[in-house]
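Notes to accompany the following structure.
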Amino acid sequence: TCQTHGMMLEFILHKSICDNFVTFLYGQARLPDKIRCVSIQQNSSSKTRVDSDIDLSLVRSLTIFGKAHKSFLNFSRYKLLRVLDLEECDELEDEHLKKICKRLLLKYLSLGRGITVLPKEIAKLKFLETLDLRRTVIKFLPIQVLELPCLIHLFGVFKLQDADQQMRKLKSFLTEKSKLETLAGFVTDRCQTFPQLMKHMTNLAKVKIWCENTADASSSSNSDVHLSEAIQEFIQRGTDVNDVRSLSLDVGECSQEFLNFSLGDSCYLSSLKLKGNKICRLPPFVTSLAVLTDLCLSSSDRLSSDVLAALSNVRALRYLKLIARHLDRFVIERGDLQSLRRLHIVVVSMMTMSKQQPEIQEGALPNLESFHLLCKDLDGPCGHGCIRIDSLGLGCLREIVLDDGVRETAKEQWKDAARRHPKRPKVVFVGAGDVVDRRR
Numbered sequence: 006t007c008q009t010h011g012m013m014l015e016f017i018l019h020k021s022i023c024d025n026f027v028t029f030l031y032g033q034a035r036l037p038d039k040i041r042c043v044s045i046q047q048n049s050s051s052k053t054r055v056d057s058d059i060d061l062s063l064v065r066s067l068t069i070f071g072k073a074h075k076s077f078l079n080f081s082r083y084k085l086l087r088v089l090d091l092e093e094c095d096e097l098e099d100e101h102l103k104k105i106c107k108r109l110l111l112k113y114l115s116l117g118r119g120i121t122v123l124p125k126e127i128a129k130l131k132f133l134e135t136l137d138l139r140r141t142v143i144k145f146l147p148i149q150v151l152e153l154p155c156l157i158h159l160f161g162v163f164k165l166q167d168a169d170q171q172m173r174k175l176k177s178f179l180t181e182k183s184k185l186e187t188l189a190g191f192v193t194d195r196c197q198t199f200p201q202l203m204k205h206m207t208n209l210a211k212v213k214i215w216c217e218n219t220a221d222a223s224s225s226s227n228s229d230v231h232l233s234e235a236i237q238e239f240i241q242r243g244t245d246v247n248d249v250r251s252l253s254l255d256v257g258e259c260s261q262e263f264l265n266f267s268l269g270d271s272c273y274l275s276s277l278k279l280k281g282n283k284i285c286r287l288p289p290f291v292t293s294l295a296v297l298t299d300l301c302l303s304s305s306d307r308l309s310s311d312v313l314a315a316l317s318n319v320r321a322l323r324y325l326k327l328i329a330r331h332l333d334r335f336v337i338e339r340g341d342l343q344s345l346r347r348l349h350i351v352v353v354s355m356m357t358m359s360k361q362q363p364e365i366q367e368g369a370l371p372n373l374e375s376f377h378l379l380c381k382d383l384d385g386p387c388g389h390g391c392i393r394i395d396s397l398g399l400g401c402l403r404e405i406v407l408d409d410g411v412r413e414t415a416k417e418q419w420k421d422a423a424r425r426h427p428k429r430p431k432v433v434f435v436g437a438g439d440v441v442d443r444r445r
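Using the working numbering, you'd call the opening residue of the sequence shown number 6 and step up by one each time.
What follows is the structure in structure tokens.
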């Protein structure tokens, strides 16, 4: 994301308002006669009302932050609405959706936490391209959403409503007519519907999946088979090295057995995120991905030395992020991960059973530019209780980001090492709230 500050922001706002490109409401009493784009930003003490004589029929884009007068939520007044952003709207409720579903020209729709269920009338939005449900509490997605002919991006965390009776029709539509490229994402448990349908979503480029544990072993086994096949087919469809394709898997407490498969050399995936309570090993298919550039491994327990050692075989990586409660010892040797530009490590404790610490050897990571090491028990570089970096000999290093909770003496040691480094990288200290790894 890009955030503009100061005079440049004021200039952009002024120019947009002068050209009638956007109308901002900060509790002002009077609106222009004709409005194209509206952004409503109000607090609890401000209740600007839209008079009935104000023409809202030409509004193409409406964004609401916080509270808004109910007159703004009369969606029957917006005849030509294309973009509707309500994810931060405090007043939005389920009852508003039926009128929203009558805005047939909508291309973008995002909804907030006041929404608990999607009506079947969502099928009327034939031109909808993006549906963002991440801020809602919707648990089940009506199958009508997957049948929207122009839908490209679908965001949320949901299961699919019972679709057994319409599976054949739905599979045919997804294979022949669906434009869906982003599915981020769905929850899979003993229900096998989503994994089976995913095989027919041939345009998918970004997928996010949460695996939910089930007590039924036989159902879990069948579901794992379908999910494994769906993931394999998704990766195997990536045959163009220039395509940007990403896969995110949160296996939770589930077994990783369904990821024990290998792939040919002609399969391409650019980004992979794997999260679980305990990641015991790196899935075999990962090392065969020739152009995997972004990899994130996240464990609520421990990242083992076997996992860390296997990373040296993922040779095209440009970004590597490791998140764990504890990190086993690992060594990045000279010649390993030569393409890596950014290395981010977030860990509660670096201490291992053997008291031997992770090590980045001198001459390793020759192209590393950004190094994030967030661990409160960290010591200075080349000291005990820390990752060892020989004289910070990383020739391209530009920034070092550390946890603000480290001891003051360690902070000074890192600053001193940075001053002695040929590139003089900046050293930044951040708090825990600045590095939250969001589920969505």
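We put the beta carbon where it would ideally sit given N, CA and C, even for glycine.
Measuring alpha carbon to alpha carbon, tell me which residue in the options is nearest residue i.
i: I59; options: F70, V43 and K72; result: V43
i: T5; options: V249, S276, V230 and S275; result: Given that the chain is displayed from residue 6 to residue 445, the structure contains no residue 5 and the question cannot be resolved.
i: Q237; options: G257, L274, C216 and E404; result: L274
i: S251; options: R242, E258, C259 and G257; result: R242
i: K428; options: G436, D270 and S375; result: S375
i: E96; options: S76, Y113 and L109; result: S76
i: R346; options: P200, L91, R334 and R403; result: R403
i: E152; options: L407, I127 and V142; result: I127
i: L67; options: V88, S21 and L348; result: V88
i: C285; options: E258, T207 and R412; result: E258
i: S260; options: K283, L268 and G269; result: K283
i: L159; options: Q166, C272 and T135; result: T135
i: K39; options: T207, H19 and R65; result: R65
i: E92; options: K129, K125, K84 and D137; result: D137
i: R320; options: L327, T207, V291 and R334; result: V291
Answer with buried or exposed for residue i, where buried requires no fewer than 16 other C-beta atoms within 10 angstroms of its C-beta.
i: S81; result: exposed
i: G400; result: exposed
i: V122; result: exposed
i: F191; result: buried
i: C23; result: exposed
i: I148; result: buried
i: S62; result: exposed
i: M172; result: exposed
i: F239; result: buried
i: G117; result: buried
i: Q170; result: exposed
i: K213; result: buried
i: M448; result: The structure shown does not extend to residue 448, since the chain is modelled only from 6 to 445, so the question has no answer here.
i: D255; result: buried
i: T198; result: buried
i: G11; result: exposed
i: E15; result: exposed
i: S177; result: exposed
Could you spell out where the alpha helix (DSSP H) holding residue i opens and where it closes?
i: V312; result: S310 to A315
i: T207; result: Where T207 is concerned, there is no enclosing alpha helix (DSSP H), given that its DSSP letter is neither H nor E.
i: R173; result: M172 to E181
i: C23; result: G11 to C23
i: D421; result: E413 to R425
i: L151; result: I148 to L151
i: L188; result: Run containing L188: none in the alpha helix (DSSP H); it sits in the beta strand (DSSP E), T187 to T193.
i: K103; result: L102 to I105
Residue i lies in the beta strand (DSSP E); which residues open and close that run?
i: H158; result: H158 to L165
i: S115; result: Y113 to S115
i: F376; result: S375 to L379
i: V351; result: R347 to S354
i: E404; result: E404 to D408
i: V88; result: V88 to C94
i: L332; result: Y324 to L332
i: K446; result: Past the edges of the chain, shown from 6 to 445, lies residue 446, and the structure says nothing about it.
i: K184; result: That residue, K184, is in no beta strand (DSSP E); it is neither H nor E in DSSP.
i: S81; result: S81 -> no beta strand (DSSP E), and no H or E assigned at all.
Residue i and residue j look like a contact to me (Cβ under 8 Å); what is the Cβ gap, rounded to whole Å?
i: E186; j: L209; result: 6 Å
i: G161; j: R195; result: G161 to R195, Cβ: 21 Å. No contact.
i: S305; j: F263; result: That belief does not hold up - the Cβ atoms of S305 and F263 are roughly 19 Å apart, past 8 Å.
i: L294; j: L302; result: With 8 Å as the limit, L294 and L302 do not qualify as a contact, their Cβ atoms being about 14 Å apart.
i: A189; j: K164; result: Rounded, the Cβ-Cβ distance is 14 Å, inconsistent with contact.
i: F70; j: I105; result: In fact, because the Cβ distance is near 18 Å, the residues do not count as touching under 8 Å.
i: I337; j: I365; result: 5 Å
i: C155; j: K184; result: 6 Å
i: S276; j: D299; result: 4 Å
i: D448; j: A422; result: There is no way to answer for residue 448, as the model of the chain reaches only from 6 to 445.
i: L110; j: L146; result: Actually they are not in contact, since the Cβ atoms of L110 and L146 sit about 23 Å apart, beyond 8 Å.
i: P289; j: N265; result: 6 Å
i: T141; j: I120; result: 4 Å
i: K112; j: F132; result: 6 Å
i: V353; j: H377; result: That pair is no contact at about 15 Å.
i: L297; j: L268; result: In fact, because the Cβ distance is near 11 Å, the residues do not count as touching under 8 Å.
Is the CB of residue i under 8 Å away from at least one CB in chain D?
i: Q171; result: The structure shown contains no chain D; it holds only a single protein chain.
Under the criterion of a Cβ to heavy atom distance below 7 Å, does residue i qualify as lining the ligand FAD?
i: I405; result: The ligand FAD is not part of this structure, which contains no ligands at all.
I'd like to know if the stretch 93-103 and the stretch 65-80 are in contact, where contact means that at least 3 CB-CB pairs between them fall below 8 Å.
yes
Three or more C-beta pairs under 8 Å: does that hold for the stretch 370-379 against the stretch 342-354?
yes
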